[in-house]
Amino acid sequence: MAEEDQVAVRVAWLYYMEGLTQDGIATKLGLTRLRVNRLLGEARESGLVSIKINSRHESCLRLEEELRSVCGLREATIIPTPESPDLIPVLLGRTAGEYLSKHIETTRVRGVGVGWGATLREAIRHVASGQWPEVHVNSMMGGLTRGLEINTFETASALAARLGAQCSYLAAPLYAGSAKSRDTIVSQDVFKEAFGQIAANDVALLSVGDLSTRSLLVRYGLPKDVPVAELRQAKAVGDIIGQFLDRHGKPVKHALNQRVVAPSLEELARIPTVIVASGGENKAPIIAAVLRARLLSVLICDEQTARTALKLYQALAAQA
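What follows is the structure, encoded as structure tokens:
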């Protein structure tokens, strides 16, 4: 082995195996720090040193990059899928709460829109407490007529309390009795003001719902005159802010979409940062749909679900 190679091996060993600093290696071997730095760089480039991350998170990091490049996301945060499905909203909620906290601390935020659901309830528990009196938190959709602690009103008020922020609601049912009733509701001045605040949001924290029996919207939120079978027949795979999409990310042709008290999907897409935090294999089709529709800029999801959603997304893209 050439002398230079021997020096490179020793430098690499001391740095990677024994944990010496570059200054420490330079002193020990009588080299300049610049030469130590150069030898370490060459060791990586030549293959003398290879680094492997032995962690479940390595595959998550690779998947995040693939989601960003393939789906056009600004950011993706993927966590390992836990063995128990019941832990998915807990773990995703923690991640989403920490993400929102960092976003508010590092970005000039005036308006935060929020949806509802188990994942978002957990997220708010992990939002850092603070005093942001200039921030306005608002619910992005009407509420359920049956009281739940994960209703839109409770979610918005809990987030506002954590942030020390202002708060307002869409004080109406999620679904009006008809499209005409919906138009009458939103034409009132108080609702025009509420929708104006939603349009001014800098960030929205949302979840998506599927059509399985696990869905809280299916169990508690659908009007009695709309059986879930009708939505399936209309090719719906799930909803975002109460509006049902097909697998291509297009709103399905069902009257319920004209009854929802929520901003339109076009208005949602104009919000600068839309964070969707959802997981579980049952939600993979609706996650793929909102990715196709370009309705989000940040995805927070578990690995298994995100991988399935990406495959669905790519399959649809190949058919287009």
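Start counting the sequence shown at 1; every next residue gets the next number (the UniProt record's numbering).
We put the CB at the ideal spot given by N, CA and C, even for glycine.
Quick caveat, the model's predicted, so the values are computed rather than measured.
Does DSSP classify residue i as helix, strand or coil?
{"i": "Q131", "result": "coil"}
{"i": "T273", "result": "strand"}
{"i": "G24", "result": "helix"}
{"i": "L144", "result": "coil"}
{"i": "D5", "result": "helix"}
{"i": "Y175", "result": "strand"}
{"i": "Q188", "result": "coil"}
{"i": "D202", "result": "coil"}
{"i": "S278", "result": "coil"}
{"i": "L295", "result": "coil"}
Would residue i be called buried (16 or more neighbouring beta carbons within 10 Å of its own) or exposed?
{"i": "S215", "result": "buried"}
{"i": "E64", "result": "buried"}
{"i": "V190", "result": "exposed"}
{"i": "K102", "result": "exposed"}
{"i": "A318", "result": "exposed"}
{"i": "E45", "result": "exposed"}
{"i": "R292", "result": "buried"}
{"i": "T213", "result": "exposed"}
{"i": "Q243", "result": "buried"}
{"i": "G30", "result": "exposed"}
{"i": "S297", "result": "buried"}
{"i": "L61", "result": "exposed"}
{"i": "D210", "result": "buried"}
{"i": "A289", "result": "buried"}
{"i": "A255", "result": "exposed"}
{"i": "K283", "result": "buried"}
{"i": "V70", "result": "exposed"}
{"i": "K232", "result": "Before going further, note that residue 232 is Arg rather than Lys in the sequence given. Counting Cβ neighbours within 10 Å, R232 comes out exposed, since fewer than 16 surround it."}
Given this structure, state the Cα-to-Cα distance separating residue i from residue j, to the nearest angstrom.
{"i": "Q22", "j": "R33", "result": "6 angstroms"}
{"i": "I124", "j": "A194", "result": "22 angstroms"}
{"i": "I240", "j": "S84", "result": "25 angstroms"}
{"i": "I104", "j": "K250", "result": "31 angstroms"}
{"i": "R259", "j": "S50", "result": "58 angstroms"}
{"i": "C301", "j": "M140", "result": "21 angstroms"}
{"i": "S207", "j": "T77", "result": "14 angstroms"}
{"i": "V36", "j": "L20", "result": "11 angstroms"}
{"i": "M17", "j": "V11", "result": "10 angstroms"}
{"i": "P263", "j": "Y15", "result": "56 angstroms"}
{"i": "A229", "j": "A118", "result": "24 angstroms"}
{"i": "D5", "j": "L67", "result": "40 angstroms"}
{"i": "A165", "j": "V135", "result": "5 angstroms"}
{"i": "residue 338", "j": "A171", "result": "The chain is shown only over 1 to 320; residue 338 falls outside these bounds and no answer can be derived."}
{"i": "Y313", "j": "A234", "result": "20 angstroms"}
{"i": "N257", "j": "A204", "result": "20 angstroms"}
{"i": "G221", "j": "L174", "result": "8 angstroms"}
{"i": "W13", "j": "N201", "result": "53 angstroms"}
{"i": "V237", "j": "P285", "result": "6 angstroms"}
{"i": "W116", "j": "E58", "result": "31 angstroms"}
{"i": "T273", "j": "L299", "result": "11 angstroms"}
Given the structure, does residue i come close to the ligand SAH, in the sense that its CB is under 7 angstroms from one of the ligand's heavy atoms?
{"i": "Q304", "result": "Among the components modelled here there is no ligand, and therefore nothing to report on the ligand SAH."}
Per the contact definition of three or more C-beta pairs closer than 8 angstroms, is the region 273-280 in contact with the region 148-164? no
Segments assigned alpha helix (DSSP H), at least 4 residues, entirely inside the region 29-54: 33-46
Quick one: which unbroken beta strand (DSSP E) runs of 3-plus residues sit fully inside the region 68-136? Chain order, please. 75-79, 111-114
List in chain order: all unbroken alpha helix (DSSP H) runs of 4+ residues lying wholly within the region 204-274. 228-233, 265-269
Given 8 angstroms as the limit, is there contact between the region 77-97 and the region 107-115, that is, 3 or more CB pairs closer than that? no
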